[in-house]
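Notes for the one structure printed next.
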Amino acid sequence: MIRSTIRHIALAALILCLASSIAIGAVVVDTAAKPPATVCLACHGSQTGPGGIPVKPWQGSVHAAGGIGCQDCHGGDPKDAVNAMSPARGFLGVPAEQGIPAFCGRCHVGILEDYLKSAHGRALGKGGPTCVTCHGSHEVQKVTLEIINEKRCSACHTYERAARIKAAMQEVERNLVRIDGEITRLKQEGVDTDAWGKQLFAVRNRYHRLFHNVDVALVRKESAAIRGELDKLDDFLSRTDEERYRRKIAGAFAVGGFLVAALLAHLLAKSYD
Amino acid sequence: MNTGTRRRFLATSLAALLAGTAGAVLYPLLRYLAPRRTDTAQQAVRIPLAEIPDGTAKFFDFEGKPAVLVSSKGKLACLSAVCTHLGCIVQWQKDREEFRCPCHGGRFAIDGTVVSGPPPRPLARLPFTVANGSVTVG
Amino acid sequence: MNPLQKLHTWIDVRIGIDALLKKELTGYLLPRNINAWYSLGSILLVLFSIQVLTGILLLVYYVPDAEKAFQSVTFIMNQVPFGWLFRTCHAVGSNLMILALFGHLLSVLFMGSYKSPREFNWLSGFVLFNLVMGISLTGYLLPWSQLSFWATTVATNSVGVVPVIGEQLVEFLRGAKSVGPPTLSRFFVLHVVVIPATIAGMIGLHLFLLKRTGVSLPPFGLSDTRNAWRGEQYRYEDHPDGIPFFPNFALRDLSSILLYLALFGTVVFFLPNLFFPAQAFVPADPFQTPDRIKPEWYFLPNYQTLRILPSELLGLAVQGAAMTFLALLPFIDRGTERHPLKRPLFLTCCICGILTFVGLMIWGHYS
Numbered sequence: 001m002i003r004s005t006i007r008h009i010a011l012a013a014l015i016l017c018l019a020s021s022i023a024i025g026a027v028v029v030d031t032a033a034k035p036p037a038t039v040c041l042a043c044h045g046s047q048t049g050p051g052g053i054p055v056k057p058w059q060g061s062v063h064a065a066g067g068i069g070c071q072d073c074h075g076g077d078p079k080d081a082v083n084a085m086s087p088a089r090g091f092l093g094v095p096a097e098q099g100i101p102a103f104c105g106r107c108h109v110g111i112l113e114d115y116l117k118s119a120h121g122r123a124l125g126k127g128g129p130t131c132v133t134c135h136g137s138h139e140v141q142k143v144t145l146e147i148i149n150e151k152r153c154s155a156c157h158t159y160e161r162a163a164r165i166k167a168a169m170q171e172v173e174r175n176l177v178r179i180d181g182e183i184t185r186l187k188q189e190g191v192d193t194d195a196w197g198k199q200l201f202a203v204r205n206r207y208h209r210l211f212h213n214v215d216v217a218l219v220r221k222e223s224a225a226i227r228g229e230l231d232k233l234d235d236f237l238s239r240t241d242e243e244r245y246r247r248k249i250a251g252a253f254a255v256g257g258f259l260v261a262a263l264l265a266h267l268l269a270k271s272y273d
Numbered sequence: 274m275n276t277g278t279r280r281r282f283l284a285t286s287l288a289a290l291l292a293g294t295a296g297a298v299l300y301p302l303l304r305y306l307a308p309r310r311t312d313t314a315q316q317a318v319r320i321p322l323a324e325i326p327d328g329t330a331k332f333f334d335f336e337g338k339p340a341v342l343v344s345s346k347g348k349l350a351c352l353s354a355v356c357t358h359l360g361c362i363v364q365w366q367k368d369r370e371e372f373r374c375p376c377h378g379g380r381f382a383i384d385g386t387v388v389s390g391p392p393p394r395p396l397a398r399l400p401f402t403v404a405n406g407s408v409t410v411g
Numbered sequence: 412m413n414p415l416q417k418l419h420t421w422i423d424v425r426i427g428i429d430a431l432l433k434k435e436l437t438g439y440l441l442p443r444n445i446n447a448w449y450s451l452g453s454i455l456l457v458l459f460s461i462q463v464l465t466g467i468l469l470l471v472y473y474v475p476d477a478e479k480a481f482q483s484v485t486f487i488m489n490q491v492p493f494g495w496l497f498r499t500c501h502a503v504g505s506n507l508m509i510l511a512l513f514g515h516l517l518s519v520l521f522m523g524s525y526k527s528p529r530e531f532n533w534l535s536g537f538v539l540f541n542l543v544m545g546i547s548l549t550g551y552l553l554p555w556s557q558l559s560f561w562a563t564t565v566a567t568n569s570v571g572v573v574p575v576i577g578e579q580l581v582e583f584l585r586g587a588k589s590v591g592p593p594t595l596s597r598f599f600v601l602h603v604v605v606i607p608a609t610i611a612g613m614i615g616l617h618l619f620l621l622k623r624t625g626v627s628l629p630p631f632g633l634s635d636t637r638n639a640w641r642g643e644q645y646r647y648e649d650h651p652d653g654i655p656f657f658p659n660f661a662l663r664d665l666s667s668i669l670l671y672l673a674l675f676g677t678v679v680f681f682l683p684n685l686f687f688p689a690q691a692f693v694p695a696d697p698f699q700t701p702d703r704i705k706p707e708w709y710f711l712p713n714y715q716t717l718r719i720l721p722s723e724l725l726g727l728a729v730q731g732a733a734m735t736f737l738a739l740l741p742f743i744d745r746g747t748e749r750h751p752l753k754r755p756l757f758l759t760c761c762i763c764g765i766l767t768f769v770g771l772m773i774w775g776h777y778s
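Chains as they are written, first to last, in my numbering: chain R, 1 to 273; chain F, 274 to 411; chain L, 412 to 778.
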């Protein structure tokens with residue numbers, strides 16, 4: 001009797017220990033590793049003056065999400081603190097206003113081409129916009145059509161022309177966004193969307209590049225061509241969705257069959273009792 | 274309905290459903306395991322002439338099976354490389370200008386006919402055309 | 412005699428199949444008050460068989476190489492006819508197996524079936540529980556997705572808190588300092604050969620013990636629910652006024668199995684992504700840890716315990732103590748009473764334990 005009581009008390013004590021230790025909130029172990037840091041971020045990240053300004057905007061940018069770091073645009077050595085900003089290591093510093101398009105154009109080649117041919121490009125250095133004017137320098141986000149808006153575009157001229165281009169791009173843009181969403185959804189269901197995702201990416205870039213010509217007629221012409229590409233993507237999406245629908249129908253039959261069989265087995269069992 | 278009839282009806286229905294389930298499992302199983310019908314059928318192969326110097330043979334895959342393109346005394350021949358005896362792959366003997374099967378010593382001439390040994394039939398000849406410095410088989 | 416009867420006689424005079432069938436099926440009597448919880452064992456058997464079958468099928472196309480693993484799984488899901496079906500069955504089956512295991516464990520706890528003379532059965536069941544956790548952990552890595560890679564990193568990290576040999580243990584488990592191709596190789600061997608064979612053997616032992624001791628008597632619907640076992644000698648616990656296993660209880664088993672299969676089918680066909688977060692479809696990147704990576708739901712209580720306790724060693728010790736307690740339960744709880752409502756202390760501890768476990772799981776999920 002005594003032994004059994006002692007055992008029961010020990011049991012209760014153990015449970016209490018467990019419960020109370022959970023109640024002691026403590027240090028939460030941070031298990032998420034941080035991506036390897038560059039020396040650029042190590043210094044500029046802790047600066048409080050102008051040097052520290054770009055860090056946070058960059059961290060939230062589409063460049064950061066894609067693994068594009070400071071050195072990819074500004075050059076220099078991201079691993080060597082002493083020579084990080086040495087011209088010998090390719091450091092380019094901050095581009096002058098007129099050098100901005102060429103700076104961004106090292107990667108965004110096609111867009112640089114279109115921009116230089118356009119009215120915007122011709123106005124470079126004469127009060128015209130640079131890449132940074134619309135896209136920002138470090139806080140660059142994935143482009144949506146909203147980047148064309150009254151506030152931004154009426155800084156130098158009337159909004160009316162920009163509005164026409166925006167209107168011409170609405171429908172295709174809407175489809176691009178829609179298809180992007182569908183591909184993401186299918187990817188999350190295990191469908192191999194790699195090739196189609198890449199195709200959409202290419203079409204999207206080809207389309208967004210158009211704007212930099214600031215030529216409504218060109219936009220309209222290209223929209224028609226791109227619609228064809230989007231139709232192919234839509235075709236893939238509808239075929240995939242159809243297939244998944246057929247699977248669900250087969251599944252309904254399977255589940256229904258099992259339920260009926262379970263009922264039959266149950267009734268059969270009862271007939272023996 | 275008495276117990277006996279009810280039992281028989283239920284048992285038969287249940288057995289039928291379970292048999293259906295077995296079939297519904299067997300079909301996907303067989304399709305999953307069946308060899309894939311890829312597009313290797315009727316797929317032409319192009320080989321640059323530079324890759325087959327005179328006196329040499331080049332082995333390649335054609336419609337899922339090994340084949341050989343040989344150049345000898347200025348003439349080209351394209352044959353299946355599968356020995357007609359028991360399926361081993363024949364080897365080109367440059368000094369003798371013939372194919373020899375390493376498994377049981379069967380010998381084939383450059384046109385595929387059996388010279389000696391156990392093979393019952395000649396090596397199959399494959400159609401090919403020569404154009405623009407390359408050979409197209411199939 | 413017709414040919415079928417002749418064949419039957421031919422077999423019977425050689426191996427006595429009639430007597431065998433009578434002993435194991437029609438003459439095997441189960442207690443009258445047996446309930447549906449007793450079917451969980453056979454459900455688990457069916458589940459294990461499905462896992463083995465689908466696992467073998469997946470092996471036909473899966474490549475256990477770090478460069479090719481993810482792509483081979485994508486191939487199975489998209490190109491191989493019905494590959495999506497067998498892969499989804501395997502993934503869903505592993506999760507439902509653990510759910511069924513918890514149900515089986517809890518029903519044995521509540522009905523006091525772990526008490527004497529069934530200590531061996533409880534111990535073999537406990538070992539099986541750990542083996543199933545192990546096979547789930549090793550299988551999780553095989554698709555080589557971001558989810559696989561980082562969940563395995565977190566899980567193998569926890570072994571490192573063992574004093575003195577912790578670091579070597581982690582390295583031994585992983586086959587290298589961090590999760591990589593050597594980890595995939597050894598986890599593959601464990602998942603495909605070592606653990607399944609061990610599980611099969613343990614199931615054999617578990618069933619042998621069940622047959623040898625006899626099925627336990629449920630404590631419901633009886634006036635005296637105390638354990639009748641005296642322990643002076645071995646005695647098979649039979650139920651002379653019981654119902655035959657075949658066809659009566661076998662049909663009830665079949666009905667439960669089919670109900671389970673309906674549930675299984677519902678998840679496979681209509682909720683396939685229940686156990687596939689987005690990171691399951693991104694190939695592993697050893698240099699990029701995704702945000703908020705967590706182990707699977709059944710490891711969340713362990714994970715959360717490690718996170719909230721002040722030291723990881725304490726976290727591991729607490730879990731070790733809890734598991735040891737669970738393993739030795741039949742030796743700690745020697746009371747003869749089997750009805751759950753007549754064991755207030757046990758019931759309280761049990762419910763507290765379940766609430767703690769589930770609470771930690773939910774907390775782990777949302778934190």
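Where a beta carbon is used, it is the ideal one built from N, C-alpha and C, also for glycine.
It should be emphasised that the depicted structure is a prediction, and the values quoted were computed from it without experimental measurement.
Note to self: My assumption, with CB atoms under 8 Å, is that L:Val484 sits in contact with L:Pro554. Please give the rounded CB distance.
What the structure shows: Taking 8 Å as the upper bound for CB-CB distance, L:Val484 and L:Pro554 are in contact here, some 5 Å apart.
Margin query: For a cutoff of 7 Å on Cβ pairs, would you count F:Leu302 as touching chain R?
Written below: F:Leu302 does not count as touching chain R.
Check: Of the choices L:Thr465, L:Ile487 and L:Gln462, whose alpha-carbon is the least far from that of L:Val474?
Finding: In terms of CA proximity to L:Val474, L:Ile487 leads the group L:Thr465, L:Ile487 and L:Gln462.
Check: Should L:Pro683 be flagged as near chain F, meaning a C-beta pair shorter than 7 Å?
Finding: Under the 7 Å criterion on CB atoms, L:Pro683 is classed as non-interfacial with respect to chain F.
Note to self: Between R:Ala88 and chain F, is any beta-carbon pair separated by less than 7 Å?
What the structure shows: So, not an interface residue.
Margin query: Is the beta carbon of F:Leu399 closer than 7 Å to that of F:Val410?
Written below: Against a cut-off of 7 Å, the Cβ pair of F:Leu399 and F:Val410 comes out as a contact.
Next item on the list: Tell me where the alpha helix (DSSP H) around L:Arg425 begins and ends.
Entry: That run of the alpha helix (DSSP H) goes Pro414 to Ile426.
Check: Could one say the Cβ of L:Ile576 lies closer than 7 Å to chain F's Cβ atoms, at least one of them?
Finding: No, L:Ile576 lies away from the interface with chain F (no Cβ there is under 7 Å from its Cβ).
Checklist line | Selection of the segment 487-520 of chain L by Cβ proximity to chain F, strictly under 7 Å | finding: Val491, Pro492, Phe493, Gly494, Leu496 and Phe497: these are the residues of the segment 487-520 of chain L whose beta carbon lies less than 7 Å from some beta carbon of chain F, given in chain order.
Next item on the list: State buried or exposed for R:Ala32, treating a residue as buried only when at least 16 other CB atoms are found within 10 Å of its CB.
Entry: Note that R:Ala32 scores 35 on pLDDT, short of 50, meaning its location in the model is unreliable; the coordinates nonetheless yield the value given after this. With fewer than 16 Cβ atoms within 10 Å of its Cβ, R:Ala32 is classed as exposed.
Check: When the cut-off is 7 Å and only beta carbons count, does R:Ser61 lie next to chain A?
Finding: No chain A is present in this structure, whose protein chains are R, F and L.
Next item on the list: Give a yes or no on whether the minimum CB-CB distance between L:Leu670 and chain R is below 7 Å.
Entry: Yes, because at least one Cβ of chain R sits closer than 7 Å to the Cβ of L:Leu670.
Item checked: Opening and closing residue of the alpha helix (DSSP H) in which R:Lys151 lies -> Run containing R:Lys151: Glu150 to Cys153, per the alpha helix (DSSP H) assignment.
Margin query: Assuming R:Gln47 is part of the beta strand (DSSP E), what are its boundary residues?
Written below: Neither: R:Gln47 is in no beta strand (DSSP E) and is coded neither H nor E.
Check: Among all the DSSP beta bridges, which residues are the ones paired with L:Thr609?
Finding: The partner list for L:Thr609 (beta bridge, DSSP) is empty, contrary to what the question assumes.
Margin query: Quick check on F:Leu322: does DSSP put it in helix, strand or coil?
Written below: Residue state, collapsed to three classes: helix.
Check: Using Cβ-Cβ distances below 8 Å, what residues of the segment 456-489 of chain L are close to chain F?
Finding: Answer set for the segment 456-489 of chain L: Leu468 and Val471.
Next item on the list: State the DSSP-derived secondary structure class of R:Val62, mapped to helix, strand or coil.
Entry: In the structure shown, R:Val62 sits in a helix (DSSP, three-state: H, G or I).
Margin query: Using beta carbons (cut-off 7 Å, strictly below), is F:Ser286 in contact with chain L?
Written below: False, the Cβ-Cβ gap to chain L never drops below 7 Å.
Notebook entry, point to check: Between which two residues does the beta strand (DSSP E) containing F:Val388 stretch?
Noted result: Run containing F:Val388: Val387 to Ser389, per the beta strand (DSSP E) assignment.
Check: Measuring CA to CA, which of R:Glu222, R:Tyr115, R:Val140 and R:Ala265 is closest to R:Val66?
Finding: Per the sequence shown, the amino acid found at residue 66 of chain R is Gly instead of Val. Ranking R:Glu222, R:Tyr115, R:Val140 and R:Ala265 by Cα distance to R:Gly66 puts R:Val140 first.
Item checked: Nearest-angstrom beta carbon gap, L:Ile461 and L:Cys500 [assumed within contact, 8 Å] -> With a Cβ gap of about 7 Å, L:Cys500 and L:Ile461 count as contacting.
Margin query: For a quick check, are the C-beta atoms of F:Ile325 and F:Ser344 less than 7 Å apart?
Written below: Closer than 7 Å, so yes.
Checklist line | Stretch pair the segment 90-99 of chain R + the segment 61-78 of chain R: three plus CB contacts closer than 8 Å | finding: They touch, by the three-pair rule.
Checklist line | C-beta atoms of L:Ser666 and R:Ala265 nearer than 7 Å | finding: For L:Ser666 and R:Ala265, yes; Cβs fall inside 7 Å.
Notebook entry, point to check: Among L:Ala695, L:Tyr777, L:Gln690 and L:Arg754, which has the Cα closest to the Cα of L:Ala477?
Noted result: When each option's Cα is compared against that of L:Ala477, the closest is L:Ala695.
Notebook entry, point to check: Can a CB atom of chain R be found closer than 7 Å to the CB of F:Arg279?
Noted result: Answer yes: the Cβ-Cβ gap between F:Arg279 and chain R drops below 7 Å somewhere.
Next item on the list: Give, in chain order, every residue of the segment 606-617 of chain L whose Cβ lies closer than 8 Å to some Cβ of chain R.
Entry: If you check each beta-carbon in the segment 606-617 of chain L against every beta-carbon of chain R, none falls closer than 8 Å.
Notebook entry, point to check: How far does the alpha helix (DSSP H) with L:Cys760 in it reach, from first residue to last?
Noted result: L:Cys760 -> alpha helix (DSSP H) spans Pro755 to Tyr777.
Notebook entry, point to check: When the Cα of R:Leu263 is compared with those of L:Phe675, L:Phe681, L:Leu662 and L:Phe680, which residue comes out closest?
Noted result: Closest option to R:Leu263, Cα to Cα, is L:Leu662.
Note to self: If contact is defined by three or more beta carbon pairs under 8 Å, each pair taking one atom from either stretch, is the segment 356-373 of chain F in contact with the segment 383-402 of chain F?
What the structure shows: Of all C-beta pairs linking the segment 383-402 of chain F to the segment 356-373 of chain F, three or more are shorter than 8 Å, placing the two stretches in contact.
Notebook entry, point to check: Quick one, which residues of the segment 252-264 of chain R are near chain F if we go by CB-CB under 9 Å, in chain order?
Noted result: If the cut-off is 9 Å between Cβ atoms, the segment 252-264 of chain R has Phe253, Ala254, Gly257, Phe258, Val260, Ala261 and Leu264 near chain F.
Checklist line | Within chain F, the residues that R:Leu230 reaches when beta carbons sit closer than 7 Å | finding: By Cβ distance, chain F contributes nothing, its closest Cβ being about 27 Å from R:Leu230, past 7 Å.
Item checked: As assigned by DSSP and simplified to three states, the class of F:Cys356 -> For F:Cys356, the three-state secondary structure derived from DSSP is coil.
Notebook entry, point to check: For L:Pro655, which beta-bridge partners are listed by DSSP?
Noted result: Assignment of beta-bridge partners to L:Pro655 by DSSP yields L:Leu440.
Next item on the list: Would you please verify whether the beta carbon of R:Gly197 is less than 7 Å from any beta carbon of chain L?
Entry: By this cut-off, R:Gly197 is not an interface position.
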